[in-house]
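Visitor: My structure is below; once you've seen it, I'll send some questions.
Residue numbers (my numbering), protein chains in the order written: chain R, 1 to 317; chain F, 1001 to 1337.
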């Protein structure tokens, strides 16, 4: 790329505008827009079926959008596919690597496709698989396979890394290791786009976030901005002895209560003044002679924002 | 009882299994019946080398029914034809006593029939009508005919299955998809399959030929050029066909079906177990264009008759075109995800 082109696109690694894709009658992606600044991590958070994978696969060049424009590292897939492929790294949602090859052989194979990149041993060390270098892929644990897939995505020192649900199905320790590797990458100045349905992953890794549901963006911003949008200091959930004996509006009238929601097993309140609201709640229940079986408070999370915006949860619909 | 019924219905619901159990044997029987239909007694193909008395000999032989006089201008070629079973008997001149010398291959049943017919043509009462010679070397036994056919069949099967199956599995497991996001050239991927196949084919062919030559005493009269040419041609043709057949198969089962579909006609028609000349004339041009036919013919000509690369050029041409053509089409239609 010439210096001028460099200037034009510096700052913006990915630009997406009006992206739409349908499968028959099902609209998987419904006119999504966003931009990803260089050197940041953009998270795409949403439940299963929200269109995250379709979106990221269009960005990776695996799928064609029905309409909208996509610019990756200043180029388009139509014209500069090979140039883009040299500079990106991709970890697909289900990466299946050939079982009978060893870790070493797999990494070397992927390294061979690129004209420049890291020494393959360095990559293996980066993902912590040096001990398992000569093991066959089939003998690795789930977490190790995922790290190997991540390593294959990193062989060419990519400027832009795509991760599609990188820690699904992994145990907590394995997840943390993946987060460490992504953190290291960000420190080195790379750009990352990741999809996930785990809010803790989004909070941990994403600098910017878009939350999607049923193909559309429901909110965007930094994780902190999004949570602040709830305008609540904390979230209180409680289980009364009997739920039918009062209306939601009565609860809403209590001091400091912002929002009321009935879940399957509890009643959830978004409150602006935790102390006073809890006090008011106790009094409320006492007046009606209702016992309080359980009470819980926590700082608002992305999950809370999601539920308040869409009416359902991020996981396990 | 219910278990038995379950097995029966599961079987009936597998169309492929149904075909192979019921349809295939019927097809095989039909084709065999067609190839081996007999209208008349088989003929003896006899040649007489040029020389004194040739015209008279030929005249007498022509009087005998079921005798076909073949042209024999060159003694070396004629002897080769006898060795490979294209001629049943060869008259090569006269011996010291003025009797015709008859070249016959004792391994073949047809030789005896030819000898009897010649005897009929030449014998006068109480006549010791000819002296009989046997050729040196072999190459006309049924096993000599069969072995190269089996080699060809083996190369086709292993070639197409290894390539086709591998890519169907890689596609089904989404391994191909992961490769798509890299700068890997699609043509490099397909070509790599050809080269890997070529290595194995050379190994397979060498081992099997060694076995045939040392244990079964199959003649091997080829030179290195023709051997290499046949290897490359065979590898190209069948790795290409395998790629093409499985280029769009979504599952391993689908790939198996396609491969069987492509290979079956060649199993039956390409002259593996018996000469394809038994099929009607109208089918001959089509049969000759099948890659397995080309491979079998070139193997036989190379091993049994010692033909050079130039001689087997038409067969190599068929293999080459099949290979290159399949690759080009596969490249276009290949399904990567």
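Note that CB positions come from ideal geometry on N, CA and C, so glycine has one too.
1. Suppose you measure from the CA of residue 1091 of chain F to the CA of residue 1286 of chain F; what does that come to, to the nearest Å?
2. Indicate whether residue 1047 of chain F and residue 1087 of chain F have their beta-carbon atoms separated by less than 8 Å.
3. Following the continuous beta strand (DSSP E) through residue 259 of chain R, name the residue where it begins and the one where it ends.
4. Going by beta-carbon coordinates alone, are residue 203 of chain R and residue 309 of chain R separated by less than 8 Å?
5. Where do the ends of the alpha helix (DSSP H) carrying residue 310 of chain R lie?
6. If you drop the 5 nearest sequence neighbours on each side, which residues of the same chain put their C-beta closer than 8 Å to that of residue 1007 of chain F?
7. Within its chain, find whatever has a CB closer than 8 Å to the CB of residue 76 of chain R; leave out the 5 residues flanking it on each side and keep chain order.
8. Applying a beta-carbon distance threshold of less than 7 Å, which residues of chain R neighbour residue 1181 of chain F?
9. With distances taken from CA atoms, which of R/285, R/290, R/304, R/128 is nearest residue 269 of chain R?
10. Cutting at 6 Å between CB atoms, please list the residues of its own chain near residue 60 of chain R, excluding the five before and the five after it.
11. So residue 1270 of chain F and residue 1292 of chain F are in contact, right, with Cβ under 8 Å, and what is the actual spacing, rounded?
12. Which whole-angstrom value is the C-beta distance of residue 997 of chain F and residue 1149 of chain F, which I expect to be below 8 Å?
13. Going by other Cβ atoms of all chains shown within 10 Å of its Cβ, with 16 needed for buried, is residue 1053 of chain F buried or exposed?
14. Can you give me the start and stop residues for the beta strand (DSSP E) that residue 296 of chain R sits inside?
15. Ordered along the chain, which non-local residues of its own chain (more than five positions away) have a Cβ less than 6 Å from that of residue 1044 of chain F?
16. Does chain R have any CB closer than 8 Å to the CB of residue 1332 of chain F?
17. In angstroms with no decimal places, state the Cα-to-Cα distance between residue 196 of chain R and residue 118 of chain R.
18. Between the Cα of residue 324 of chain R and the Cα atoms of R/49, R/17, R/67, R/36, which residue gives the shortest distance?
19. Output, in chain order, the set of chain R residues within a Cβ distance shorter than 8 Å of residue 1177 of chain F.
20. With 8 Å set as the bound, which would you pick, yes or no: does the beta-carbon of residue 1186 of chain F sit closer than that to a beta-carbon of chain R?
21. Who are the near neighbours of residue 138 of chain R in its chain, counting only those whose CB is closer than 7 Å to its CB and skipping five residues on each side?
22. Bridge partners for residue 1264 of chain F per DSSP, in chain order?
23. Taking 8 Å as the cut-off, decide whether the C-beta atoms of residue 200 of chain R and residue 238 of chain R are in contact.
24. Who are the neighbours of residue 114 of chain R on chain F, taking C-beta pairs under 8 Å?
25. Using the three-state DSSP reduction, which class does residue 15 of chain R fall into: helix, strand or coil?
26. Buried or exposed: where does residue 1187 of chain F fall if 16 or more other Cβ atoms within 10 Å of its Cβ makes it buried?
27. Just confirm the distance between the C-beta atoms of residue 235 of chain R and residue 300 of chain R, as a whole number of angstroms; I'd bet it's less than 8 Å.
28. Starting from residue 1337 of chain F, find everything on chain R with Cβ-Cβ shorter than 8 Å and list it in chain order.
29. Would a check of beta-carbon distances place residue 96 of chain R closer than 8 Å to chain F?
30. Touch check for the region 1158-1176 of chain F and the region 1235-1254 of chain F: three-plus C-beta pairs under 8 Å?
31. Whose C-alpha, out of F/1012, F/1041, F/1084, is nearest the C-alpha of residue 1305 of chain F?
32. Give me the Cα-Cα distance between residue 312 of chain R and residue 1237 of chain F, rounded to the nearest whole angstrom.
33. Where does residue 23 of chain R sit, in a helix, a strand or coil, going by DSSP?
34. Using a Cβ-Cβ cutoff of 7 Å, what residues of the region 163-176 of chain R are near chain F? List them in chain order.
35. Fully enclosed by the region 54-117 of chain R, which alpha helix (DSSP H) runs are 4 residues long or longer?
36. Determine the burial state of residue 5 of chain R: buried for a count of at least 16 other Cβ atoms within 10 Å of its Cβ, exposed for fewer.
Guide: Let me spell this out:
1. Position 91 of the second chain, counted from the start, is the residue given in the question as residue 1091 of chain F. Position 286 of the second chain, counted from the start, is the residue given in the question as residue 1286 of chain F. CA-to-CA, the gap between residue 1091 of chain F and residue 1286 of chain F works out to about 35 Å.
2. Translated into the one-based positions of the second chain, residue 1047 of chain F becomes position 47. Translated into the one-based positions of the second chain, residue 1087 of chain F becomes position 87. A Cβ-Cβ contact shorter than 8 Å links residue 1047 of chain F with residue 1087 of chain F.
3. On the first chain, position 259 is the one that residue 259 of chain R refers to. It spans 257-262 - the beta strand (DSSP E) in which residue 259 of chain R sits, taken as one unbroken run.
4. Taking the first residue of the first chain as position 1, residue 203 of chain R is located at position 203. Taking the first residue of the first chain as position 1, residue 309 of chain R is located at position 309. Cβ distance not < 8 Å, so residue 203 of chain R and residue 309 of chain R don't count as in contact.
5. Within the first chain, numbered from 1, the residue matching residue 310 of chain R stands at position 310. Here the alpha helix (DSSP H) through residue 310 of chain R covers 302-310.
6. As a working note, residue 1007 of chain F is residue 7 in the second chain. Hits under 8 Å: none found.
7. Taking the first residue of the first chain as 1, we reach residue 76 of chain R at position 76. Excluding sequence positions up to five before and after residue 76 of chain R, its CB lies within less than 8 Å of the CB of 69, 70, all in the same chain and listed in chain order.
8. Translated into positions along the second chain, residue 1181 of chain F becomes position 181. In chain order: 60, 61, 62, 85, 90.
9. The residue given as residue 269 of chain R occupies position 269 in the first chain. Measuring C-alpha to C-alpha distances from residue 269 of chain R to each of R/285, R/290, R/304, R/128 identifies R/304 as the nearest.
10. Reading the first chain from its first residue, position 60 is the one you call residue 60 of chain R. Excluding its 5 nearest sequence neighbours in each direction, residue 60 of chain R has C-beta neighbours in its own chain below 6 Å: 90, 162, listed in chain order.
11. Within the second chain, numbered from 1, the residue matching residue 1270 of chain F stands at position 270. Within the second chain, numbered from 1, the residue matching residue 1292 of chain F stands at position 292. Going by Cβ atoms, the distance from residue 1270 of chain F to residue 1292 of chain F rounds to 4 Å, so yes, they are a contact pair.
12. Given that chain F is displayed from residue 1001 to residue 1337, the structure contains no residue 997 of chain F and the question cannot be resolved.
13. For the purposes of this step, residue 1053 of chain F is identified with residue 53 of the second chain, where counting begins at 1. In summary, residue 1053 of chain F is exposed, with fewer than 16 beta-carbon neighbours lying within 10 Å of its beta-carbon over all protein chains present.
14. Looking up residue 296 of chain R in the first chain gives position 296. Looking at the DSSP string, the run of the beta strand (DSSP E) that includes residue 296 of chain R is 292-298.
15. Reading the second chain from its first residue, position 44 is the one you call residue 1044 of chain F. Result list for residue 1044 of chain F: 1067, 1088, 1113, 1114, 1117, in chain order.
16. Residue mapping note: residue 1332 of chain F aligns to position 332 of the second chain, counting from 1. Chain R, which has no Cβ nearer than 8 Å to the Cβ of residue 1332 of chain F, makes this no.
17. The sequence position of residue 196 of chain R within the first chain is 196, counting from 1. The sequence position of residue 118 of chain R within the first chain is 118, counting from 1. One C-alpha to the other measures close to 27 Å.
18. Residue 324 of chain R is absent from the structure shown; chain R starts at 1 and stops at 317.
19. As a working note, residue 1177 of chain F is residue 177 in the second chain. 62, 92, listed in chain order.
20. The residue you call residue 1186 of chain F lines up with position 186 of the second chain. It does not: the Cβ of residue 1186 of chain F has no partner Cβ on chain R nearer than 8 Å.
21. Looking up residue 138 of chain R in the first chain gives position 138. Setting aside the 5 residues that flank it on each side, residue 138 of chain R is surrounded in the same chain by 99, 100, each with a C-beta closer than 7 Å to its C-beta; the list follows chain order.
22. The residue labelled residue 1264 of chain F in the question sits at position 264 within the second chain. Answer is none; residue 1264 of chain F lacks a bridge partner.
23. Numbered from its first residue, the first chain carries residue 200 of chain R at position 200. Numbered from its first residue, the first chain carries residue 238 of chain R at position 238. It is not a contact, given that the beta carbons lie outside the stated cut-off.
24. Within the first chain, numbered from 1, the residue matching residue 114 of chain R stands at position 114. Chain-ordered, the chain F residues with CB closer than 8 Å to the CB of residue 114 of chain R read 1182, 1183.
25. Working through the first chain from its first residue, we reach residue 15 of chain R at position 15. Strand.
26. Here residue 1187 of chain F refers to the residue found at position 187 when the second chain is read from its first residue. With fewer than 16 Cβ atoms within 10 Å of its Cβ, residue 1187 of chain F is classed as exposed.
27. As a first step, residue 235 of chain R must be located in the first chain, where it is residue number 235. As a first step, residue 300 of chain R must be located in the first chain, where it is residue number 300. Under the criterion of beta carbons closer than 8 Å, residue 235 of chain R and residue 300 of chain R qualify as touching, at roughly 5 Å.
28. On the second chain, residue 1337 of chain F is found 337 positions in, with the first residue counted as 1. For residue 1337 of chain F, the neighbours in chain R by C-beta distance under 8 Å run, in chain order, 62.
29. Here residue 96 of chain R refers to the residue found at position 96 when the first chain is read from its first residue. Interface residue, yes.
30. Taking a contact to require three or more Cβ pairs closer than 8 Å, the region 1158-1176 of chain F and the region 1235-1254 of chain F qualify as touching.
31. Counting from 1 along the second chain, the entry for residue 1305 of chain F is found at position 305. Sorting F/1012, F/1041, F/1084 by C-alpha distance to the C-alpha of residue 1305 of chain F places F/1084 at the top.
32. As a first step, residue 312 of chain R must be located in the first chain, where it is residue number 312. As a first step, residue 1237 of chain F must be located in the second chain, where it is residue number 237. Going from the Cα of residue 312 of chain R to the Cα of residue 1237 of chain F covers about 58 Å.
33. Taking the first residue of the first chain as 1, we reach residue 23 of chain R at position 23. In the three-state reduction of the DSSP assignment, residue 23 of chain R falls in the strand class.
34. Answer in chain order: no residues at all.
35. With a minimum length of 4 residues, the unbroken runs of alpha helix (DSSP H) contained wholly in the region 54-117 of chain R fall at 77-87, 103-112.
36. Residue mapping note: residue 5 of chain R aligns to position 5 of the first chain, counting from 1. With a pLDDT of only 48 at residue 5 of chain R, under the threshold of 50, the placement of this residue in the model should not be trusted; the figure read from the coordinates follows. Around the C-beta of residue 5 of chain R, fewer than 16 other C-beta atoms lie within 10 Å, and the residue is accordingly described as exposed.
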